[in-house]
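Residue numbers (my numbering), protein chains in the order written: chain A, 1 to 203; chain B, 204 to 535.
Listed below in structure tokens is the structure:
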């Protein structure tokens, strides 16, 4: 666990409601997306995330977290989402998929993908207003360049420029992202859990 | 326009049009040429395609998400469950190897950590600075809002064996989720307040303890004498703790200025009035006890209060042996 996470976790264990609230709000979308990957219904996904946080709050005193707080919650959210699927869908195809529960590597990849999505979405939120609008019309409303130009009273060239700008920003997020993982993953998934064992060697 | 070289050496205009599915035959040819020229180009294009298509798939969920609403829902869930007490121990499956490692580490750390932990776990402190206000949700669903320069403490047994909050100093507003079996108590050394389903504000200074009740009812307990006073919504009480006024209690506005009943049964109303005015009210016919009324008394005399009730419910009153008797107008 990073020092920041450790402080947050300790506060939550000590029933610091404000820290709990802040942590929840800061990471809500991340966990919501994680649940949405399995449950397409947003309200159900929210339900799952909230169930996990209620449990976390109630049992904080008795929970031991070995990796990071975030991956602990992530795992809980994914497992609960799968259970929910299990409950609702009983066809064989699905059962088969469920029998292959996420393993550690699969899970860390899922987390990374999720994190990348959040970063991309945040980048969209930070685009200039008009650029955001054009991007959304193009990607989510699937409007043609000409239609967007007509609706907003701008030229096709401007439409293209806006989308180019948006994509460049997203490309930048990608570039940053791909220059990160190796050492982050090292710290997150290998160093932290084994720190305890190192201690044993030293004593 | 060939926009190569504008950014990262990518032909953005071609890429943008390709992703939107709006390539002209000429552009299509140029893009194909660019893709064919290197595997790095193909990889970059493929990545952008993935961002445009798959990675954007959940954006709508992300965009529609509302942390504040979700948090409210979570609070509701926490409150609903708070009454279900004792949290079960999480059943975790841990391999023997990990158990051994964990046990060894625990043993090693236990000694060193003992003094540290023993000093901390028992009490949780919440404090606010001069310009700060803090709302603290408690595990049982109650909340405490600390006004500036306030200090409260919770023991580790909160919501396990008791629900006691210690107000060390300052002012705080308590919104209590009532539990019959486990009363909520605010301890202030000289006095304590026990909720009877309520919300209230307490201000503790060096010289006094003041409680203002905004909803429901509380019991104010003066520890030195064990004296108990019940205060209802709209009422307040002040206990002085300085040496010169030691133990003096001033109960203000408690029902004298304001007595509110909303769709209350006559029996409830009478119970409050009897206590408040110290007079006895009897009902000739028990059936009328179930009559309901909504009324607000603002410091009227007892006689007037009785008159108003009679008028509202179409009753009449007579005095028999020093007690007021209410009965239906028609019955004799």
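C-beta atoms are modelled at their ideal positions from N, C-alpha and C, and glycine is treated no differently.
* residue 117/A versus chain B: which residues are under 7 Å apart at the beta carbon? -> Within the first chain, the letter at position 117 stands for residue 117/A. Residues of chain B passing the Cβ test: 258, 261.
* Assign residue 91/A to one of two classes, buried (16 or more other C-beta atoms within 10 Å of its C-beta) or exposed (fewer than that). => Counting from one through the first chain, the residue named residue 91/A turns up at place 91. With a pLDDT of 49 at residue 91/A, under the threshold of 50, the predicted position of this residue should be treated as unreliable, though the coordinate-derived value follows. So residue 91/A counts as exposed.
* **Minimum C-alpha distance to residue 495/B - residue among 233/B, 466/B, 432/B** => Here residue 495/B refers to the residue found at position 292 of the second chain. The shortest Cα separation from residue 495/B among 233/B, 466/B, 432/B belongs to 466/B.
* To do: Quick one: grab the DSSP three-state call for residue 140/A.
  => In the first chain, counting from the first residue as 1, residue 140/A sits at position 140. Three-state result, residue 140/A: coil.
* Could you check which residue in 490/B, 482/B, 356/B has the C-alpha nearest to that of residue 504/B? => Here residue 504/B is taken as the residue at index 301 of the second chain, counted from 1. Measuring from the Cα of residue 504/B, the nearest candidate turns out to be 482/B.
* **Rounded separation between residue 361/B and residue 55/A - CA only** => As a first step, residue 361/B is located in the second chain; it is residue number 158 there, counting from the start. As a first step, residue 55/A is located in the first chain; it is residue number 55 there, counting from the start. Cα-Cα distance, rounded: 17 Å.
* **Contacting residues, own chain, Cβ-Cβ under 8 Å from residue 499/B (five flanking each side not counted)** => Your numbering for residue 499/B matches position 296 in the second chain. Closer than 8 Å at the Cβ level, and outside the excluded window around residue 499/B, lie 461, 462, 463, 464.
* Under 7 Å by beta carbon: chain B residues contacting residue 174/A -> For the purposes of this step, residue 174/A is taken as residue 174 along the first chain, with counting starting at 1. Under the 7 Å cutoff, chain B gives 250, 254.
* Take the Cβ of residue 524/B as the centre, count every other Cβ of all protein chains shown within 10 Å, and call the residue buried at 16 or more, exposed below. => The residue labelled residue 524/B in the question sits at position 321 within the second chain. Residue 524/B is exposed by the Cβ-count criterion.
* **Beta-carbon proximity list for residue 29/A, same chain, < 7 Å, skipping 5 on both sides** => In the first chain, residue 29/A corresponds to position 29, counting from 1. Excluding positions up to five away in sequence, the list reads 118.
* Counted within 10 angstroms of its Cβ, other Cβ atoms place residue 438/B as buried (16 or more) or exposed -> As a working mapping, residue 438/B is identified with position 235 in the second chain. Buried: at least 16 other Cβ atoms inside 10 Å.
* Asked: Closer than 8 Å, CB to CB, is residue 555/B near chain A or not?
  -> Residue 555/B cannot be examined here, being either before or after the span of chain B that is shown, 204 to 535.
* Could you give the residue range of the beta strand (DSSP E) that holds residue 434/B? -> The residue labelled residue 434/B in the question sits at position 231 within the second chain. Residues 430-435.
* To do: Would you mind telling me which residues of chain A sit closer than 9 Å to residue 284/B, beta carbon to beta carbon, in chain order?
  => If you number the second chain from 1, residue 284/B lands on position 81. Within chain A, the residues near residue 284/B are 54, 58.
* Proximity test, Cβ basis, 8 Å: residue 44/A and chain B -> Locating residue 44/A in the first chain gives position 44, where the first residue counts as 1. No - not a single Cβ of chain B is within 8 Å of the one on residue 44/A.
* Take the Cβ of residue 236/B as the centre, count every other Cβ of all protein chains shown within 10 Å, and call the residue buried at 16 or more, exposed below. => Translated into the one-based positions of the second chain, residue 236/B becomes position 33. The residue is exposed, with fewer than 16 neighbouring Cβ atoms inside 10 Å.
* **Buried/exposed call for residue 389/B, threshold 16 Cβ in 10 Å** => One-based indexing of the second chain puts residue 389/B at position 186. By the neighbour-count rule (16 or more Cβ atoms within 10 Å), residue 389/B is buried.
* Asked: Curious, which full-length beta strand (DSSP E) runs of at least 3 residues does the segment 29-55 of chain A contain?
  -> none
* **Cβ neighbours of residue 126/A in the same chain (closer than 8 Å, five flanking residues each side left out)** => For this step, residue 126/A is matched to residue 126 along the first chain. Answer for residue 126/A: 169, listed in chain order.
* Asked: At least one CB of chain B closer than 8 Å to the CB of residue 8/A: is that the case?
  -> Taking the first residue of the first chain as 1, we reach residue 8/A at position 8. Output row for residue 8/A: interface = no.
* To do: Give the interface partners of residue 280/B over in chain A, defined as CB-CB distance under 7 Å, in chain order.
  => In the second chain, residue 280/B corresponds to position 77, counting from 1. The answer, in chain order, is 50, 54.
* Asked: Can you name the residues of chain A whose CB is closer than 8 Å to the CB of residue 277/B?
  -> Within the second chain, numbered from 1, the residue matching residue 277/B stands at position 74. 24, 50, 53, 54, listed in chain order.
* Same chain, Cβ closer than 7 Å to residue 233/B, neighbours up to 5 away in sequence not counted -> By 1-based counting over the second chain, the position of residue 233/B is 30. For residue 233/B, where only same-chain residues beyond five positions count, the Cβ hits under 7 Å are 217.
* Which partner residues does residue 441/B have in the DSSP bridge list? -> In the second chain, residue 441/B corresponds to position 238, counting from 1. Paired residues: 413/B, 453/B.
* **Completely contained beta strand (DSSP E) runs for the segment 337-386 of chain B, where each covers 3 or more residues** => 337-340, 346-349, 354-358, 366-378
* Asked: How should residue 394/B be labelled, buried or exposed, when 16 other C-beta atoms within 10 angstroms of its C-beta is the threshold for buried?
  -> On the second chain, position 191 is the one that residue 394/B refers to. When all chains shown are included, residue 394/B counts as buried.
* Expressed to the nearest angstrom, what Euclidean distance is found between the alpha-carbon atoms of residue 260/B and residue 111/A? -> Along the second chain, one-based indexing puts residue 260/B at 57. Along the first chain, one-based indexing puts residue 111/A at 111. Their backbone Cα atoms lie some 16 Å apart in a straight line.
* When the Cα of residue 73/A is compared with those of 141/A, 157/A, 1/A, which residue comes out closest? -> The residue given as residue 73/A occupies position 73 in the first chain. Comparing Cα-Cα distances from residue 73/A to each of 141/A, 157/A, 1/A, the minimum goes to 1/A.
* Cα-Cα, which of 132/A, 37/A, 52/A, 179/A is closest to residue 164/A? -> Along the first chain, one-based indexing puts residue 164/A at 164. With distances taken between Cα atoms, residue 164/A lies closest to 132/A.
* **Terminal residues of the beta strand (DSSP E) in which residue 257/B lies** => On the second chain, residue 257/B is found 54 positions in, with the first residue counted as 1. Residue 257/B -> no beta strand (DSSP E), and no H or E assigned at all.
* For the beta strand (DSSP E) holding residue 484/B, just list the boundary residues, first then last. => One-based indexing of the second chain puts residue 484/B at position 281. Here the beta strand (DSSP E) through residue 484/B covers 484-486.
* Asked: Is there contact here, the segment 373-392 of chain B with the segment 345-356 of chain B, by at least three beta-carbon pairs under 8 Å?
  -> yes
* Cα-Cα separation, residue 109/A to residue 71/A -> Against the first chain, residue 109/A aligns to sequence position 109. Against the first chain, residue 71/A aligns to sequence position 71. Taking the straight line joining both Cα atoms gives about 11 Å.
* Applying the criterion that 16 or more other CB atoms from any shown protein chain within 10 Å of the CB defines a buried residue, is residue 17/A buried or exposed? -> Within the first chain, the letter at position 17 stands for residue 17/A. With 16 or more Cβ atoms within 10 Å of its Cβ, residue 17/A is classed as buried.
* To do: Could you name the residues that DSSP lists as bridge partners for residue 467/B?
  => On the second chain, position 264 is the one that residue 467/B refers to. According to DSSP, residue 467/B bridges with 496/B.
* For the beta strand (DSSP E) holding residue 157/A, just list the boundary residues, first then last. => Along the first chain, one-based indexing puts residue 157/A at 157. Note, residue 157/A: premise wrong, no beta strand (DSSP E); alpha helix (DSSP H) at 156-179.
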